[in-house]
Every structure is written in C-alpha cells, then in structure tokens.
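These notes are about the structure you will find just below.
Number of protein chains: 2
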Amino acid sequence: MKTGNQDSSAVKAPDAARAAGTDYERIFHPRRVAVAGVSPGGGVGFGTRYLTSLQAIGFEGEILPVNPKGGEIAGLSIFKNVEDIPGELDLIVIAVAAEAVLPILEAGRKKGAAGAVIITSGFRELGTSEGIGREDEVRRIAASGIRVIGPNCFGIYCPKSGLTFFPNPDLSRESGPVAFLSQSGGLASDFMMTGMWMGLRFSKVVSFGNGADLREAELLRYLADDPETGVIAMYVEGVRDGSEFLDALKAAAAKKPVVILKGGLSSAGGRAVVSHTASLGGSRVIWESVLRQAGAVQVRDLQEMAQACLAFSLLPERVYRGLSFTGGGGALGIAACDAAETFGLEVPPLGTDARGRVEALLPKSGASGVNPVDVANPYAPPALLEKIFRAVAGDSRIDLQILIVLTHHFKGLAQDQGKTIEEVFPYRELADRMKAVAVETDKPVVFVLPNAKRGFPDMDVVEIHAKVREAFLERGLPVFDEIGDAMRAIGHVNRCYGKGETS
Amino acid sequence: MKTGNQDSSAVKAPDAARAAGTDYERIFHPRRVAVAGVSPGGGVGFGTRYLTSLQAIGFEGEILPVNPKGGEIAGLSIFKNVEDIPGELDLIVIAVAAEAVLPILEAGRKKGAAGAVIITSGFRELGTSEGIGREDEVRRIAASGIRVIGPNCFGIYCPKSGLTFFPNPDLSRESGPVAFLSQSGGLASDFMMTGMWMGLRFSKVVSFGNGADLREAELLRYLADDPETGVIAMYVEGVRDGSEFLDALKAAAAKKPVVILKGGLSSAGGRAVVSHTASLGGSRVIWESVLRQAGAVQVRDLQEMAQACLAFSLLPERVYRGLSFTGGGGALGIAACDAAETFGLEVPPLGTDARGRVEALLPKSGASGVNPVDVANPYAPPALLEKIFRAVAGDSRIDLQILIVLTHHFKGLAQDQGKTIEEVFPYRELADRMKAVAVETDKPVVFVLPNAKRGFPDMDVVEIHAKVREAFLERGLPVFDEIGDAMRAIGHVNRCYGKGETS
C-alpha cells in the first residue's frame, strides 16, 4: 500500500471540512432522482434498466428520466435536459455514453443535486490519456459542489429509501445492520445476493468503482457514525490515500466491527487489479499487518465475509469462549471439536451437574452427554432438544450452544412414512423452542445445517433446507452450512470483541 | 499415534499370510448373502432395513433372510437358522441383538462364508468388560476362518455388485474410481451422499466400525492393488497398529493417491473419539508429520476430501502449474489469482501470440485478454468461449483452464425475455464444446460454478445449477462451487503427483 496522493490530477482530494458538508441524507434517502440515459425507444440500456429496477424495488420518491429525444418511458415523461426538470434534485444517476457524462454531471451540480452516481465506464480504468483526463474532469466538477459515486460503478443500495443498485431489481426492502463498500460492482452484487440467502440485511451498500470523488476513507467515516450500521464490510482492491484510509479504518474499527476482504494480494491478482479498477494493490505482508494493527477483521473470500457479517449481525457483542455441540452423531461431533480448536474456541466437557441432567434425557446406548452431546437420534423431538439445551446452558463454562441439524435425514423418514419432509420435520417448533432457550438463558444458539443431498434428485431436500434456514433466521438465530464456517465466524467475533483481552 | 498392538485381547492381529488368503472377491461381490435379524412381523429393525435396501439398489445375487421365527419378508422365505440355508454362503450380514451375534457369526463361519458384516453395536465401544469380552470373542471366531467387518458399523457399498451400505437404499449403481474407508458409518454415509452430487463415483466403500478384525491397514493393502480403485479416501479416528498402518499407507500412496481425513486431532475431539469408536487418537503434530512422510494427501474436512477425490478422479495424472481463468468479471478474476497463489498455483500472463488471438475475440471495452481473461459478458456464447479456450490453450505456460460460470445471472436474462433459465442458457452446448477443447488440446477444463442465489425464492436457479453441474460431470469435466475449493483440490493433485519434484 502506498501512502500519499497517487493521482496525477492537480485537484486536491476532498478534505475533512468538505466531507463534513456532504449531504449524505439526500444521497442515501433522495426524494427526487434524475436518471440520465434512459432509452425511450424500448431499448434496455443501463439507464432504462436502472429506472425499471428503481420502480421494481418500490422506490417511493420521484423518478425523473432524462434523454435529449424526450418521449415517455415506463409511464414517466422524459425530460430533454436536466435543466428542464422543475424544482429540486437530490441525486442524479448518469448512464449515458462516456463522452456525454461531463455536461450532465455539471448540469446536475448546477441543479443543486447533493450527489451523482456515474454508472458509465470509459474513464481512468481504460489506462488511456483520454480516459484519465475525463476522470480528472469528473473530480474537478465534483470539487466544485457535487459528490460523485463512480464512474464505472453500480451505485447505491439503500433498502430504507428504496434506492437500488444497478442492475438488481429484486433486492429486499428490509433494512439491517450490514453496510458494504466496494470498488467492484460485480462483487458487491454477488455479496448482496449471497448475503440475502445467508441472512444478512443491509443498511447501505455502495459500489464506487473508480472512486473519482467519494471513496473508501470518507465513506468509512460516514458509516462509522451511521446509527443504522452495526457492522461494516469492505472489498478493497486498492486505496487512494493509504494514511487517510488507515486513520479512517482505525476510527471506524474502534466503534464497530469492520470486516475487510483485500483483493489482489497475489502477484497475478495485483496485475488483474490494475486492469479492473486502476487501483494500486500492494504486498500481502504489508496489507495484512497494517489491517491487523488497525483492528480490522480480515477475511479470505466473499463467503467468509458474509458469514462473519452474519455472526456480527446476530450475536450479542461479547466473547464466546466455551461452546457446546449437540446432535449430528459421533464423527460430526469430533469434526466440530477439531474445527473449534482451529479457530481458538473451546469445547469443555460438561460439569457433573449439567452432564447428569443431560444424560438423564438421553438413551442409554450410543449416546453421549459429555460435550459434544450425541443424542443418537437424528429425529430427536424439539421438546427433548429444548430440555437438553436448558440443561447444558446451566453449565457456566458454556457461552454459546450449537445445534447440528441434518435435514436430509428427514427425507428417509418421510419416505418410510409416505409423507413429505415438511410433515415429518417440525422445524418451526424447533426454531421457536431454541429461540426461547437463547433468550431465557442469555446464551446464543447457533445452527449448523450441513446438507449432504444437493443433487438434482434431491431438490425436495434443498427446498426444505432453505425453508429451515429461513425459519431460524426469522427468529434471529444464526445459521451456517458447515461447522467450519460457523467456527471461523465465531472466531472472528471473539478476536474483534476480545481485542483488549490479554489471553 | 501409538505403535504396537493396543488391544487387550490375546488374539493375534491377522498376519500378512492370513490377509493373502482373504477372499475379497466373495466379500465385495457376493452371490449369496444371508441377512440375520430381519423382522417377519413387519417391523423396521436394522436387518429389515438392510434387506430392503439391498432389494432397492437392485442387488442381483440371492438374499437369504434369517430369523428363528421363520415366515416371510419382502417376498422371501425366512430361514430359522443359518444352518438351514442350503448350498454355499459368501457373506453374512448380522443385525441381531448384541447378545445373539456370536452364535450366528460362528454359524456363518461353519457355513463357509468368506465374510461377515456385523451392524450391531454393543461391543468394545461400550467400554464395559461385557462389551470388550464380546468383541474379543468376535475376533476369536474371525481368526478361526471368517473375515469380519464391524461390529458397530454400516458395512460395505459396492455399486458393481449391488451390495449396499446400511441404511442407504438410494445409492447409485454406477461404479467409479473412488474407494473410501471409515470407522464411522455416519461419516461414510455423509461422504457418499455428498460425493454423489459433487460427482464422485465409488469402487468400494467400507465402514468397519470398531474394526474387530478387518480394518484400516489390511483394507488399504487390498485397495492399493484393486484395479477398480484409482484413489483411496480414508476417515481415521484411530488405528490399531501404528507401524502396520504406516507401512500399508506408504505402500498404497506409492501406487495411487490416498486422501486422509484424521478426526480428533484437537483435545476435545480426541476425547470425543474415545466415546465414538473406542480408538486411540493422538497429537496433531505427530499425525500430520507422519501422514506427510507416508505420502498421504491430508485434508481438513469432508468437503475438502470429496473435492480432492473429484480432482483425482477426473484430472489426468500430472502436475498443473500454470492456470488460466476465463469469465466471471474483474473481482472474481482477482479472487481466482489470490486463491491460486494460496495453493501454490500460477496464473501466468498470456504470451503475445495467445493474448493477441484472445483480444481479437473480445469486446474493446471492459474486457481483458491478459489472464484472467475477462469476457465482460456473463452471457458469452459457447462458440465464443470455445474459440477463446482454444487460443489460450495455445500458450505453453497454461496447463489447465478454468471457466467461471455464473448461472444465476441467467435468471435476470430469462426474466427480461419472458423465458425459463433453461431456455436462455445453452449449458449443454457449452459442456460439449468445452469437452472437445479439453480432449483436443490435452489441457483439462475445470468449471467453477458459484451460485449467489440459493434462497427459497430462487429454487429455479438452484435447480438449473444442479443440472448444469450434471451436464459437465457427465462429460467428465470437474465442477467446483467455489474458486478456492477448485484451487485447493488442484493443489492437492500437484503435491501428490509432484512428490518427486525438486520445486
């Protein structure tokens, strides 16, 4: 990572004073949004797709389409020029050809828009003097009074206001604690989609592409103080100003968890970064030590990032040292212990009291009440599991309980009984009882739902598996597919909240 | 790991001479199988479930049910005693109560069966003198002329003969190169199910439970010389005789890849091993160094084991140093490079020739022909991808090509066009063309199929994703869900086949 301003442009990076003046409220919750670059002829260019996505997600503000040809689109009159729009403008989304971006941005600024999202590519990332010059002009206009997201980006997703990300018409309107910053729009899109089914809900997502104006450091400072954001995730290819970024990161990480995925740490990856977002990469060792010192949670890929965010979203802010495992059978219990140790977690044997109470509930043969608790029955009734969990929670060495549920086993049971899996697996009752245990004992219950049947003949298992996940998540109980994923995510929580600890 | 015989029994471990006399052919491909412990009254005890599983999978030999009450089951007459069965017996499967096992095993031996599978539990794993004594008796009978699998096990799966594993009635009859040995039946069952959808096909799977007689070392020697087995996977909790196991492992690993998952390396895991299969665990450091010296491929969990087996099954036996990535977009290409480096793989920039030919095929803006190749179009037609892959294969630094396919993007395209995903995604054509490229260029093509849409509203994507996977696997092309999984598996292949290399 290099420090200091890396850009050839003479325009100064936005300073703190200017950042303080940025009207983020109008950028993230705009009431009037212009969309420049719609296709009145029924084409499906970027502007049109953005506009229809806004309508599909149910944006409640006013959408003001712009195209020099005029006409109508999706029930809205098209303005020939930005200047023709009557009244105020909060945000302008620009999806015209690269050559036409600058005058429209300038028109948006004159119109008093607080921000502009430039989806269009063809700027610094081209590596040509034309592209770089065009981006310098974007920064010049931005510096004179409008904050720019982009160019070469997918923009902003803010479920509360209904502002959506290009080109995602089917994102949720449900808000949550996770904010996400990314240069890459594709990765942001993948992260949001993956996050959705994993159980993440978002406060704000910003893909800032080339980041000509607003980018990592400023956005990090904003999110650190945003009351709607509980955890900040970031995908970083390179940063503009290393020391400014580190200051912002330290300040943010002191307030809430900041989970960072750094792309391009390998030599080939670094080469690919240059052609992707024209950023400077940097060596693995330097990045890793700098991020660690700044207090960031470092992850290796998108899945790990989403899993860590899920744990930070749903687990109370504390350190979880001692874990219990229940269900799943002998070998899975052993795997759970091994994975726990890998991520610095303990699986203490239950004390005499708790063990006695658990063993009184278990069959005499094939079961184990030590920890892992092996109930020796893949179909153990929810009422029995509840009793076991209440007994285990009585042990002071246990901080968090894990239930391993093997949904696929219920397919066999359903076949034997001539019923559907839904009929033989009372997962909603299980979710309710586990929620009650977690609340009343003040020890979180985390689910691990491995699914060994994911092939084409087992789509019924896949479907019920997705429903079971939903039922647990709806009650605020974290769900992971694999034991290792759960252990890794809880390990991140511990390292983050245990920063001041000596152990 | 301890060396020497750890058992209290006075019975000697079967020696090499005896192993040489074991009639594995009659054990794995029996023509006449007795099943002791069926329930004539319509109950669904273990014996009955085993018998119906044998019928369901289509076992072609003769099934001979045994129960002292006689009667009929599933269209077959029940013999009151093993002695009453006329003619020869190859294998006897025993699922009666623990107290009744010994006389039936002895009867099977007298009847001349080559092997017995004892599913019943209630032996050494109880930790009681009664259980240990009973297991010593099993070994005594075994030593006098019958090879025993078990007790406390799920038995044998051999798709060629139609011998199935308890309690899996829906395993494939398709044979393949993967053999699997496991003490744990549950883990073996999960591994087979997971392996099935991932694309593994099996030669022989043995769950030997307590391993009173036949177990890891002898079975390893048998599989090392089994022409139907191309890769051996093992789940090990503990071994009976450390030095004998290591000798067998070294000998096997010199002939074919041996992939080992060692359970119970953590202190809590080691404790859990004792109550699961009554084996001795051992320290992580010792196990890891010993396994490495023996030439085994070490993996951390069931998924990694299955992925490694898939790579060994489908990739020709050689070292793959230089990789190319195509598709997926900028950030995924960067992630691919980073993951490659983590597992010792290279992503060399294409040489001038190949790069020129690739760039001539790509759009001018947003694409990259360096490597990773970014086609800047999630819907790139198969014919275009084929041309790109042929051009890349012309570069001598590329040993293997990866195509990243984002199936979920086709959902948006399908919605735009009012069609199904199946109609807009020509994945069978893609599979055919990639198969042709792989064969004609003699450079394998590996697919990475991340799926960001796995939630309940996207079951159509999940289903097509499973079909796409099947289409590639049917043509012998390896498929992985995540880039990191693919890199890790190829890394295992390289370390295994590159053992003699200096680099």
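Respectively, the protein sequence lines represent chains A and B.
Just so we're aligned: 170 in this note's numbering is position 170 of the first sequence, and the numbers increase by one with no gaps anywhere.
Whatever position you read off the second sequence (first residue = 1), add 1000 for this note's numbering.
By construction, the Cβ of each residue, glycine as well, lies at the ideal position given by its N, Cα and C atoms.
Predicted model, so just to flag it, every value in this text is computed and none were measured.
Test: residue i CB closer than 8 Å to a CB of chain B
i, result
"F456/A", "yes"
"K467/A", "yes"
"E482/A", "yes"
"D416/A", "yes"
"E341/A", "yes"
"E174/A", "no"
"H408/A", "yes"
"E137/A", "no"
DSSP-derived helix/strand/coil call for residue i
i, result
"V1319/B", "coil"
"R406/A", "Sequence check: residue 406/A is Leu here, not Arg. Note: L406/A maps to coil in three-state DSSP."
"Y427/A", "helix"
"P167/A", "coil"
"Q1307/B", "helix"
"S1313/B", "helix"
"K411/A", "helix"
"A179/A", "strand"
"E1072/B", "strand"
"D1226/B", "coil"
"L350/A", "coil"
"Y497/A", "helix"
"A114/A", "coil"
"S1144/B", "coil"
"A591/A", "Residue coverage of chain A in this structure runs from 1 to 503, which leaves residue 591/A outside it and unanswerable."
Partner residues on chain A for residue i, Cβ-Cβ distance less than 7 Å
i, result
"C1337/B", "S266, A268, G269, A272"
"E1423/B", "Near E1423/B there are no residues of chain A at all, since even the closest Cβ is about 18 Å away, more than 7 Å."
"M1196/B", "G455"
"D1190/B", "A452"
CB contact below 8 Å: residue i versus chain A
i, result
"D1460/B", "no"
"L1187/B", "yes"
"A1159/B", "Checking the displayed sequence, the identity of residue 1159/B turns out to be Pro instead of Ala. It does not; no Cβ of chain A falls within 8 Å."
"P1372/B", "yes"
"M1193/B", "yes"
"S1184/B", "yes"
"Q1307/B", "no"
"S1121/B", "yes"
"Q1293/B", "no"
"Q1298/B", "no"
CA-to-CA distance, residue j to residue i, given in whole angstroms
i, j, result
"K943/B", "R1147/B", "Past the boundaries of the shown model lies residue 943/B; chain B is included only from 1001 to 1503, so the question cannot be answered."
"I1118/B", "Y1222/B", "20 Å"
"L467/A", "A360/A", "A small fix is needed here, since residue 467/A is Lys in this sequence, not Leu. Near 32 Å, if we compare the C-alpha coordinates of A360/A and K467/A."
"K387/A", "G58/A", "45 Å"
"L1051/B", "G333/A", "29 Å"
"A1143/B", "V437/A", "52 Å"
"E1125/B", "G1242/B", "20 Å"
"E1088/B", "I1149/B", "20 Å"
"A1432/B", "R1475/B", "Per the sequence presented here, residue 1432/B reads as Asp, with Ala not at that position. Their Cα atoms are separated by approximately 8 Å."
"G1283/B", "V448/A", "For the sequence presented, residue 1283/B should be read as Ser rather than Gly. Rounded to the nearest angstrom, the two C-alpha atoms are 27 Å apart."
"G1209/B", "Q1183/B", "4 Å"
N-terminal and C-terminal residue of the beta strand (DSSP E) that residue i is part of
i, result
"S207/A", "202-207"
"S1161/B", "From DSSP, S1161/B is part of no beta strand (DSSP E); its letter is neither H nor E."
"A1034/B", "1032-1036"
"L91/A", "91-94"
Partner residues on chain B for residue i, Cβ-Cβ distance less than 9 Å
i, result
"P560/A", "Residue coverage of chain A in this structure runs from 1 to 503, which leaves residue 560/A outside it and unanswerable."
Chain A contact residues for residue i, given Cβ-Cβ distances below 8 Å
i, result
"E1237/B", "A331, I334"
"G1263/B", "A331, I334, A335, D338"
Boundaries of the alpha helix (DSSP H) in which residue i is found, first to last residue
i, result
"L1261/B", "From DSSP, L1261/B is part of no alpha helix (DSSP H) but of the beta strand (DSSP E) over 1258-1262."
"P65/A", "Not the alpha helix (DSSP H): P65/A falls in the beta strand (DSSP E), residues 62-66."
"R397/A", "It is not in any alpha helix (DSSP H) - R397/A carries neither H nor E in the DSSP assignment."
"R26/A", "24-28"
"Y379/A", "That residue, Y379/A, is in no alpha helix (DSSP H); it is neither H nor E in DSSP."
Beta-carbon neighbours of residue i, restricted to chain B and to distances below 8 Å
i, result
"S365/A", "S1121, G1122, L1126"
"E470/A", "G1455, F1456"
Amino acids of chain A, ordered along the chain, whose beta-carbon sits closer than 9 Å to that of residue i
i, result
"R1044/B", "The residue you asked about is not Arg; residue 1044/B is Val in the sequence shown. Result: D416."
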